[in-house]
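The sequence shown runs 0 to 248 under numbering that gives the first Met the number 0.
Ideal Cβ positions, reconstructed from N, Cα and C, are used throughout, including at glycine.
No experiment lies behind these values; they were computed from the predicted model shown.
Note sheet for the following structure.
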Amino acid sequence: MTFQAPTLEPPNKVYSSAMEALKDVPEGSTINIDGFAGPGGMAHYLMVGLRDVGVKGLQLISNTAGVARVSAFGAPNVIDHSILVENNQVAKATASYPVSPSASRPSVFEEAFNRRETELEVVPQGTLAEKLRCGGAGVAAFYTPTGAGTLLADGKEARNIGGKEYILETGLRADFCIIRGHKADTLGNVVYKGTSRNFNPVMATTARITVVEVDEIVEPGQLGPEEIITPGLYIDRIVLRPPDFSAYL
Numbered sequence: 000m001t002f003q004a005p006t007l008e009p010p011n012k013v014y015s016s017a018m019e020a021l022k023d024v025p026e027g028s029t030i031n032i033d034g035f036a037g038p039g040g041m042a043h044y045l046m047v048g049l050r051d052v053g054v055k056g057l058q059l060i061s062n063t064a065g066v067a068r069v070s071a072f073g074a075p076n077v078i079d080h081s082i083l084v085e086n087n088q089v090a091k092a093t094a095s096y097p098v099s100p101s102a103s104r105p106s107v108f109e110e111a112f113n114r115r116e117t118e119l120e121v122v123p124q125g126t127l128a129e130k131l132r133c134g135g136a137g138v139a140a141f142y143t144p145t146g147a148g149t150l151l152a153d154g155k156e157a158r159n160i161g162g163k164e165y166i167l168e169t170g171l172r173a174d175f176c177i178i179r180g181h182k183a184d185t186l187g188n189v190v191y192k193g194t195s196r197n198f199n200p201v202m203a204t205t206a207r208i209t210v211v212e213v214d215e216i217v218e219p220g221q222l223g224p225e226e227i228i229t230p231g232l233y234i235d236r237i238v239l240r241p242p243d244f245s246a247y248l
């Protein structure tokens, strides 16, 4: 008697466009969106796709809520989270740096917040990274001294450990995540380049569906194992960024 293992076909993760990959994002979704501060390393093409899908009530998790446009003094307007705020799609942002570096040039999110059109939860940057890491690792909560004794501690459990005050922070999970990568194979293994390797790898682990935008898609085996930062286990959809796509408005 011989045994033959069944042939398993890998799922097709490659989508034809940003809109095709994001058309099923439901209203009120929590969504991770990448970006550190400047225009580099962001999923500009996917952001445009999400804007064009038009889904409302988004709960945004990001390091910023869109400051790349106002931080690049003298440069053309860049695509960032602001295009979603302008389209009245963001109900709330959880972010570390949601404001412009210049009081005279407020971001689109700041203006919407001041008009009470959206909500904001400020999270210290290191705490945000750890909340995301815990969400991806299945850790429900952790204690941190960051923010203890400040407004950020309001409503949170506090505990004295070793003579120092700590507050309890919970891990973050998202419904969707959109990130930028450099290359991906068709199985979803991702290589990053430059500033795309900031929050992107950890964000990819926390979402039910993670969509990556890349400059090049290759076949399995064409990426060096030591190059791969995010394994395909965490990537559900892949979109090729069009070569003629501009990150500027």
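- When secondary structure is reduced to three states using DSSP, ALA147 falls in the coil class, being assigned neither helix nor strand.
- Here the region 144–152 makes no contact with the region 6–23; the two share fewer than three CB pairs at distances below 8 Å.
- In the three-state reduction of the DSSP assignment, GLN124 falls in the helix class.
- In the DSSP assignment, LEU83 falls within the alpha helix (DSSP H) that extends over 81–85.
- With contacts defined as CB atoms closer than 8 Å, ALA203 and THR169 fail to qualify as a contacting pair.
- Just so you know, the alpha carbons of ALA173 and ARG207 end up roughly 6 Å apart.
- The way I'd put it, the region 51–59 doesn't touch the region 159–168; fewer than three beta-carbon pairs between them come closer than 8 Å.
- Here DSSP, grouped into helix, strand and coil, assigns ASP184 to strand.
- Burial check for LEU232: the Cβ neighbour count within 10 Å stays below 16, so the residue is exposed.
- ASN199: not part of any beta strand (DSSP E); member of the alpha helix (DSSP H) spanning 199–203, first to last residue.
- As far as DSSP is concerned, GLU109 takes part in no beta bridge.
- With a threshold of 16 other beta carbon atoms within 10 Å, ARG114 falls short and is exposed.
- With 16 or more other Cβ atoms from the protein chains shown falling within 10 Å of its own Cβ, ILE178 counts as buried.
- DSSP places ALA140 in the strand class (E or B) of the three-state scheme.
- Per DSSP, reduced to three states, the secondary structure at VAL89 is strand.
- ILE237 is classed as buried because its beta carbon has at least 16 other beta carbons within 10 Å across all chains shown.
- Taken through DSSP and simplified to helix, strand or coil, ARG207 comes out as strand.
- Exposure of ILE160 is indicated by the presence of fewer than 16 other C-beta atoms within 10 angstroms of its C-beta.
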